[in-house]
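Enquirer:
Protein chains: 4
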Amino acid sequence: MMEVALFGAGRIGKIHAGNVVRQPGVRLRYVVDVDGAAAGALAAAHGAQVATADAAFADKSVGAVVIGSSTDTHADLIVRAAAAGKEIFCEKPVDLAFDRARTCAAAVKRAGVACMIGFQRRFDPTFAALKERLAAGEIGEPEMLVVTSRDPGAPPVDYLKRSGGIFRDMLIHDFDVFRWILADDAATVYATGSVLTDPAVGTVGDVDSTAVTICTRRGRLALINTSRRAAYGYDQRFEVLGSKGMLQAGNHKPTEVTSATSANVSQDKPEHFFLERYRAAYALELAHFFDALATGKAVRTSIDDGVAALELADAATTSWREKRIVEL
Amino acid sequence: MMEVALFGAGRIGKIHAGNVVRQPGVRLRYVVDVDGAAAGALAAAHGAQVATADAAFADKSVGAVVIGSSTDTHADLIVRAAAAGKEIFCEKPVDLAFDRARTCAAAVKRAGVACMIGFQRRFDPTFAALKERLAAGEIGEPEMLVVTSRDPGAPPVDYLKRSGGIFRDMLIHDFDVFRWILADDAATVYATGSVLTDPAVGTVGDVDSTAVTICTRRGRLALINTSRRAAYGYDQRFEVLGSKGMLQAGNHKPTEVTSATSANVSQDKPEHFFLERYRAAYALELAHFFDALATGKAVRTSIDDGVAALELADAATTSWREKRIVEL
Amino acid sequence: MMEVALFGAGRIGKIHAGNVVRQPGVRLRYVVDVDGAAAGALAAAHGAQVATADAAFADKSVGAVVIGSSTDTHADLIVRAAAAGKEIFCEKPVDLAFDRARTCAAAVKRAGVACMIGFQRRFDPTFAALKERLAAGEIGEPEMLVVTSRDPGAPPVDYLKRSGGIFRDMLIHDFDVFRWILADDAATVYATGSVLTDPAVGTVGDVDSTAVTICTRRGRLALINTSRRAAYGYDQRFEVLGSKGMLQAGNHKPTEVTSATSANVSQDKPEHFFLERYRAAYALELAHFFDALATGKAVRTSIDDGVAALELADAATTSWREKRIVEL
Amino acid sequence: MMEVALFGAGRIGKIHAGNVVRQPGVRLRYVVDVDGAAAGALAAAHGAQVATADAAFADKSVGAVVIGSSTDTHADLIVRAAAAGKEIFCEKPVDLAFDRARTCAAAVKRAGVACMIGFQRRFDPTFAALKERLAAGEIGEPEMLVVTSRDPGAPPVDYLKRSGGIFRDMLIHDFDVFRWILADDAATVYATGSVLTDPAVGTVGDVDSTAVTICTRRGRLALINTSRRAAYGYDQRFEVLGSKGMLQAGNHKPTEVTSATSANVSQDKPEHFFLERYRAAYALELAHFFDALATGKAVRTSIDDGVAALELADAATTSWREKRIVEL
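Residue numbers (my numbering), protein chains in the order written: chain A, 899 to 1226; chain B, 899 to 1226; chain C, 899 to 1226; chain D, 899 to 1226.
#1: Do the region 1205 to 1219 of chain D and the region 1159 to 1177 of chain D meet, that is, are 3 or more Cβ pairs less than 8 Å apart?
#2: May I have the straight-line CA-CA distance separating L1080 (chain B) from R1118 (chain B), to the nearest angstrom?
#3: Who does E1225 (chain D) pair with in a DSSP beta bridge?
#4: DSSP three-state label for Y928 (chain A), please.
#5: Let me see if you follow: with CB-CB separation under 7 Å, is G1143 (chain C) close to chain D or not?
#6: Please report how far the alpha carbon of I1070 (chain C) lies from the alpha carbon of A1120 (chain B), in whole angstroms.
#7: Between which two residues does the alpha helix (DSSP H) carrying A1033 (chain A) extend?
#8: Using the beta-carbon count (16 or more within 10 Å), is H1170 (chain C) buried or exposed?
#9: Rounded C-beta distance between V1184 (chain D) and H914 (chain D)? I'm assuming under 8 Å.
#10: Candidates D:K1195, D:V1087 and D:P922: which alpha carbon is nearest H944 (chain C)'s?
#11: Closer than 9 Å, Cβ to Cβ, to anything on chain C: give me those residues from the region 1026 to 1042 of chain D, in chain order.
#12: On a Cα-Cα basis, can you pick out the residue from A:L975, A:G1016, A:L1094 and A:L1182 that is closest to D1202 (chain A)?
#13: Could you list which residues in chain D have their beta carbon closer than 8 Å to that of S1164 (chain C), in chain order?
#14: By the 10 Å Cβ neighbour count, where 16 or more other Cβ atoms means buried, how is V964 (chain A) classified, buried or exposed?
#15: Of all the residues that make up the region 1130 to 1159 of chain A, which are near chain C by a beta-carbon distance shorter than 9 Å?
#16: DSSP has T1193 (chain A) in a bridge; who is on the other side?
#17: Measure the beta-carbon distance from L1032 (chain C) to L1145 (chain C) and round it to whole angstroms, keeping in mind my assumption that it falls under 8 Å.
#18: Looking only at its own chain, which residues have a Cβ that is under 8 Å from the Cβ of D957 (chain C), when we skip the five neighbours before and after it?
#19: Tell me whether E1154 (chain D) sits in a helix, a strand or coil according to DSSP, three-state version.
#20: Distance check for A995 (chain C) and G1063 (chain C), CA to CA, integer angstroms please.
#21: Please classify D1133 (chain A): does DSSP put it in a helix, a strand, or coil?
#22: Looking at F1021 (chain C) and A1129 (chain C), is the spacing between their C-beta atoms short of 7 Å?
#23: Can you tell me whether E1209 (chain B) is helix, strand or coil according to DSSP?
#24: Give the straight-line distance between the Cα atoms of D1189 (chain D) and T1024 (chain A), rounded to the nearest whole angstrom.
#25: In three-state terms, what does DSSP make of E1270 (chain D)?
#26: CB-CB under 6 Å to A1004 (chain B), same chain, minus the five flanking residues each way: which ones, in chain order?
#27: Is S1217 (chain B) helix, strand or coil when you go by DSSP?
#28: Quick one: using the 10 Å Cβ neighbour count with 16 as the cut-off for buried, is G1035 (chain B) buried or exposed?
#29: Which stretch, first to last residue, makes up the beta strand (DSSP E) that contains K1123 (chain A)?
#30: Identify the continuous alpha helix (DSSP H) that holds V1099 (chain D) and give its terminal residues.
#31: Alpha carbon to alpha carbon, how far is G1091 (chain B) from L1173 (chain B)?
#32: Looking at the strands, I want to know which residues DSSP matches up with G1140 (chain B).
#33: Can you list, in chain order, the stretches of the beta strand (DSSP E) that have 3 or more residues and sit fully within the region 926 to 1001 of chain A?
#34: Measure the CB-CB distance between E985 (chain C) and V960 (chain C) and report whether it falls below 7 Å.
#35: Rounding to the nearest angstrom, what Cα-Cα distance links Y1088 (chain D) and F1187 (chain D) in this structure?
#36: Verify whether the separation of the beta carbon atoms of I1223 (chain B) and G1143 (chain B) is less than 7 Å.
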């Protein structure tokens, strides 16, 4: 039986808790959160106990930690978990600072523990099927990737202030998709952005709409467009043009109802936001994590992937701030 | 805590077991099956015990039964469960014989217990959303219903022999959809059918392809087309024409990948069969059942619905056999 | 140069005139219509002359007639044209009376002229492509045909009175589609219908909503659903289930714009009515007619097809009126 | 009667000839081409005469010219036509050299004649409907434009040599779409490109795959992705994200047939290439041109639009060549 300590009892922590308890041979032992009431409620719902971080790390019976607490705690928890010899699942990003993320990666490597970063999109049934078909050669060699990534609405300005900026906070997932799908290294990054949805975003030095172009070492092109606000919901699509065709990953809809009226022929909007769209992906990534631990296989989204995505986010941030093309 | 006895440890029994244990306040206490090994394995997987039917009915702590055993056992188990004062969830059909189904309904009524029949399609997210929008008046008054209901492949001939014929075995779901969606009583039923997919179907006195037309008391029209074999998978669609428009329920797909090649532009086939397509519906119907028990609300698909669907199946069988229009 | 006399300067006559003048080697010589002003305007627009029927038939230089006048004139004009040795293109139906239609067919045969009936749907790009792929074996043997055929709104009651009833007026096209697609003879026809859109339809002894089931000699099944009113426009779809798959013919839309808003994701309604939906088909059927004349090939939709479709319309009318299954 | 001289009897010339003769009140008088046989055949097909450029310009009865000859002749023909007082329709581009294009625009202005540039996409039914709905406020203020523009295959290398490069030859249409849809001026342009489909493209100093990002003065973002080769045909889509939703222009398909087999569910590829996809647009742009002349309205795609698109093409070429962001 693998005993697990969960850090973070918020929105994503609840998702992970539900998925942890569904794994055969895995038990949720502790929930750790600075908000004692939240930790207590989540622990109670799943027959776990509330603990401090110290206690969780000290307990030898705990074999793995799932880190879903706030971003600024990730690096410290990873380092401590690695030191304590725990296997690690951690939400993205590793850290907002590239150097600190690299330090974490080194600590993980020294400790010889697994450290999976929660790039859940790789486990989305649609995205994963596309990747598999691409890898099987269905459209030949990939040449161009177009990613559309739009949230239904911006988080509070207070959150934005501490977010590290849109490239690190939101596009980090898209940078990981880029790396995963094109399977090539970025040679140049160009990023531009605007404040179009809410002037408040600009007051904290951030943008809400971005366009990023990456050219890889082999000349493959990636175009990423992002917005903090899509009135029709969470828009998560990408398409790959290959030498023999194109593969597109479309949005998921709540239902398959079509309505034809005197106005038009309509269908559902996309799933509202990430908790709905990636519900299956969140379950599958944790299943993969525990399966990898059980079978000794490597995790599919390692801390190195987390570091590499952050490097791209940093490059994009620099490109946008300094209005120049960044070479990597 | 509601203690539950599950009858049947086969394919559908496993689905129900998994959904029972997920309900808050509900515990799977017993698994009953003539195949002791199957019962044992399923019980063990969910921390339940194997029991005989007698023992399960005798245990006063058991508040509800879930019947997923073979069709020929349904009626007897319903009557015994009702006599024992247990709340009942039973897979369709109540029985292959109309009179016996009515006897069951009477027994349930006398006992004053709930008896929900497993017309899971009413709980399918797409079908349920369509019904809700229809009821809300989105397309005015319903006028015409077209149901397409095709299996990916026929069951073994051995099964067909004991199935009661395609109208009772397969179309019973479609008859329930008809009653639910048009909310009107059938006035006439016309059914015709052919053996087109496999001559073996004809040797047991059945057909594999059918066309059924129902005209309701208010003149609404329903056309149901059914086949035991659709090479592209499980095809479960219907559409309602109303005075102000049309609502269509389409198939669900495993993923939203689109592939464009020199051949064509393609998407996934529909979900393969009922276990995949109605996965969510099976979970939602049991959630509804236990919620109805907990809150004292009526169950949405009662034994009367089971009897009424069977009456239509009988009428269709007669129409087909006697080559005539049947009035109800 | 093939000289043509056009009968009928109404809505469909105008369509045909425009298509006649576009054929290479074909000249519109005369326009004949009881409404002299309409004839004059149409003739003028295309550099033709107004003539009486007598004059048109008497003119030896006229090689072909295109009959787009009112239904009650078709039979007489066909017989006269055949007697005059003219090649004939005539709008459906040949006549509302089956015997009279057969008389026309005999006259045509005696005269040895071509006589093409305007079942334009066979020339619709979507329908024709489906037929070709079906014939090429893409889905194996056809087993089931489901036809959806709905008008955007009913014609005036005055028209309905003289229309021959919905089965002869509207479904005659669907009966031809059935014959063309399944390539098998009807063995039994069952038709039912209701007045659901406007009580006035019932006052003239007609219905506005129908369900027709045909079983062919080889056991293939066809289900046709029809309504005089679809709030979302002209709905012209059919699908064929075959032993190896399904082919569906969908509606055509004016544009490929998709709109995603906070309400839903919508597309255009289907093309409004037959003039829009079958614009290409009307052009292609006349091109085929004149090409067949020029090359000596048989026309693809002969007067025998017109007679056969009428026979099905009669059978359906009888089935509906007498509430019984009609054997053919 | 407006008499027209057509320059160019090649592929696009034939399209224009067919559309000219369909305009009421317009007559195709002359066809001019260095290839006398081609000119003769096209003139004969439409009842026109072959003429030299000199003769066509000298004939006072000629009111308008349609220029569909090779790119290197456009500027000279525009200047001569303007001097002769003819109204002008000219295929894109005005010229490959920006200064020369501006000189043409000045000549046109001095002469006071109309000069419409053949940006036919603005007349495509789907694109035009999208623009109209955008202008009507359906999705609020536009924020982001994503253009996908891919040819089915590259032209011969010999053509590429004289094409002015992919940004001037192929993307000039996309730059016009950008200007038309976002209705704002470009502030910065970034372009990158690769040789991915055929090394021969690189040998003539061109690329076959490009990514262009434009930021407008108001901060709106446009991302254009282009390839010379899409195995699935001509891919012509764009989407606009606005403050209240999104409008997407999708590809057109030859038919609306759907095929469901054991492999997948498929539809037609997009229309093969520009002659098929923009057939309606080519007809509508000429109808607009002659209607504008007849009514004295301004043409919708003026020579200024041609100059402005060329300016963007130049900026993109510079950005790509010099690996830098270009400010306008």
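All residues carry an ideal CB built from backbone N, CA and C; glycine is no exception.
Since the structure is predicted, the reported quantities are computational estimates derived from the model, not experimental observations.
Expert: On the basis of the coordinates in this document:
#1: Too few Cβ pairs lie closer than 8 Å, so no.
#2: Residue mapping note: residue 1080 (chain B) aligns to position 182 of the second sequence, counting from 1. Residue mapping note: residue 1118 (chain B) aligns to position 220 of the second sequence, counting from 1. L1080 (chain B) and R1118 (chain B): Cα-Cα distance of roughly 8 Å.
#3: By 1-based counting over the fourth sequence, the position of residue 1225 (chain D) is 327. Beta-bridge analysis with DSSP links E1225 (chain D) to D:T1086.
#4: On the first sequence, position 30 is the one that residue 928 (chain A) refers to. Strand at Y928 (chain A).
#5: As a working mapping, residue 1143 (chain C) is identified with position 245 in the third sequence. Yes, its Cβ sits closer than 7 Å to a Cβ of chain D.
#6: Residue numbering aside, residue 1070 (chain C) sits at position 172 when the third sequence is read from its first letter. Residue numbering aside, residue 1120 (chain B) sits at position 222 when the second sequence is read from its first letter. If you take the alpha carbons of I1070 (chain C) and A1120 (chain B), they lie about 21 Å apart.
#7: Position 135 of the first sequence holds residue 1033 (chain A). Per DSSP, A1033 (chain A) belongs to the alpha helix (DSSP H) from P1023 to A1033.
#8: Taking the first residue of the third sequence as position 1, residue 1170 (chain C) is located at position 272. Around the Cβ of H1170 (chain C), a 10 Å sphere holds fewer than 16 other Cβ atoms; the residue is exposed.
#9: Mapped onto the fourth sequence, residue 1184 (chain D) falls at position 286. Mapped onto the fourth sequence, residue 914 (chain D) falls at position 16. The sequence shown places Leu at residue 1184 (chain D), not Val. Right, the Cβ-Cβ distance comes to about 7 Å (below 8 Å), so this counts as a contact.
#10: Along the third sequence, read from residue 1 onward, the residue named residue 944 (chain C) stands at position 46. Comparing Cα positions, the closest option is D:P922.
#11: If the cut-off is 9 Å between Cβ atoms, the region 1026 to 1042 of chain D has A1026, A1027, L1028, R1031, E1036 and I1037 near chain C.
#12: Position 304 of the first sequence, counted from the first residue, corresponds to residue 1202 (chain A). Of the listed residues, the one whose Cα sits closest to D1202 (chain A) is A:G1016.
#13: Stepping through the third sequence from its first residue, residue 1164 (chain C) is reached at position 266. From the beta-carbon of S1164 (chain C), no residue of chain D is found nearer than 8 Å; the closest lies around 10 Å away.
#14: Reading the first sequence from its first residue, position 66 is the one you call residue 964 (chain A). Buried is the call here.
#15: Those would be Y1130, G1131, D1133, N1149, K1151, S1157, A1158 and T1159, in chain order.
#16: Sequence index remark: in the first sequence, residue 1193 (chain A) carries index 295 (1-based). None, per the DSSP bridge assignment.
#17: Along the third sequence, one-based indexing puts residue 1032 (chain C) at 134. Along the third sequence, one-based indexing puts residue 1145 (chain C) at 247. Confirmed, about 6 Å.
#18: As a first step, residue 957 (chain C) must be located in the third sequence, where it is residue number 59. Scanning its chain for C-beta atoms nearer than 8 Å, with the 5 sequence neighbours on each side dropped, one finds around D957 (chain C) the residues E901, A903, R927, Y928 and A949, in chain order.
#19: Here the question's residue 1154 (chain D) lines up with position 256 in the fourth sequence. DSSP places E1154 (chain D) outside both helix and strand once states are collapsed to three, so it counts as coil.
#20: Numbered from 1 along the third sequence, position 165 holds the residue referred to as residue 1063 (chain C). Numbered from 1 along the third sequence, position 97 holds the residue referred to as residue 995 (chain C). Cα to Cα, the separation comes out at about 12 Å.
#21: To locate residue 1133 (chain A), count along the first sequence from 1; it is residue 235. The three-state secondary structure of D1133 (chain A), taken from DSSP, is strand.
#22: If you number the third sequence from 1, residue 1129 (chain C) lands on position 231. If you number the third sequence from 1, residue 1021 (chain C) lands on position 123. It is not a contact, given that the beta carbons lie outside the stated cut-off.
#23: Numbered from 1 along the second sequence, position 311 holds the residue referred to as residue 1209 (chain B). Note: E1209 (chain B) maps to helix in three-state DSSP.
#24: Here residue 1189 (chain D) refers to the residue found at position 291 of the fourth sequence. Here residue 1024 (chain A) refers to the residue found at position 126 of the first sequence. Taking the straight line joining both Cα atoms gives about 49 Å.
#25: With chain D running from 899 to 1226 in the structure shown, residue 1270 (chain D) is simply not present.
#26: What you label residue 1004 (chain B) is simply residue 106 of the second sequence in a count that begins at 1. Same-chain partners within the cutoff: there are none.
#27: By one-based count along the second sequence, residue 1217 (chain B) stands at place 319. Three-state result, S1217 (chain B): helix.
#28: Here residue 1035 (chain B) refers to the residue found at position 137 of the second sequence. Classification for G1035 (chain B): exposed.
#29: Residue numbering aside, residue 1123 (chain A) sits at position 225 when the first sequence is read from its first letter. Just to set this straight, residue 1123 (chain A) is Asn in the shown sequence, not Lys. First-last of the beta strand (DSSP E) with N1123 (chain A): L1119 to S1125.
#30: Stepping through the fourth sequence from its first residue, residue 1099 (chain D) is reached at position 201. Taken as a continuous stretch (DSSP letters only), the alpha helix (DSSP H) holding V1099 (chain D) covers P1097 to T1101.
#31: As a working mapping, residue 1091 (chain B) is identified with position 193 in the second sequence. As a working mapping, residue 1173 (chain B) is identified with position 275 in the second sequence. Straight-line measurement puts the Cα of L1173 (chain B) at about 26 Å from the Cα of G1091 (chain B).
#32: Walking along the second sequence from the start, residue 1140 (chain B) turns up at place 242. According to the DSSP secondary-structure assignment, G1140 (chain B) is paired through a beta bridge with B:P1040 and B:G1143.
#33: As far as the region 926 to 1001 of chain A is concerned, its whole beta strand (DSSP E) runs of at least 3 residues are 960 to 965 and 985 to 988.
#34: As a position in the third sequence, residue 985 (chain C) is number 87, starting the count at 1. As a position in the third sequence, residue 960 (chain C) is number 62, starting the count at 1. Not in contact: E985 (chain C) and V960 (chain C) (Cβ atoms no closer than 7 Å).
#35: In the fourth sequence, counting from the first residue as 1, residue 1088 (chain D) sits at position 190. In the fourth sequence, counting from the first residue as 1, residue 1187 (chain D) sits at position 289. Cα to Cα, the separation comes out at about 34 Å.
#36: As a position in the second sequence, residue 1223 (chain B) is number 325, starting the count at 1. As a position in the second sequence, residue 1143 (chain B) is number 245, starting the count at 1. Not in contact: I1223 (chain B) and G1143 (chain B) (Cβ atoms no closer than 7 Å).
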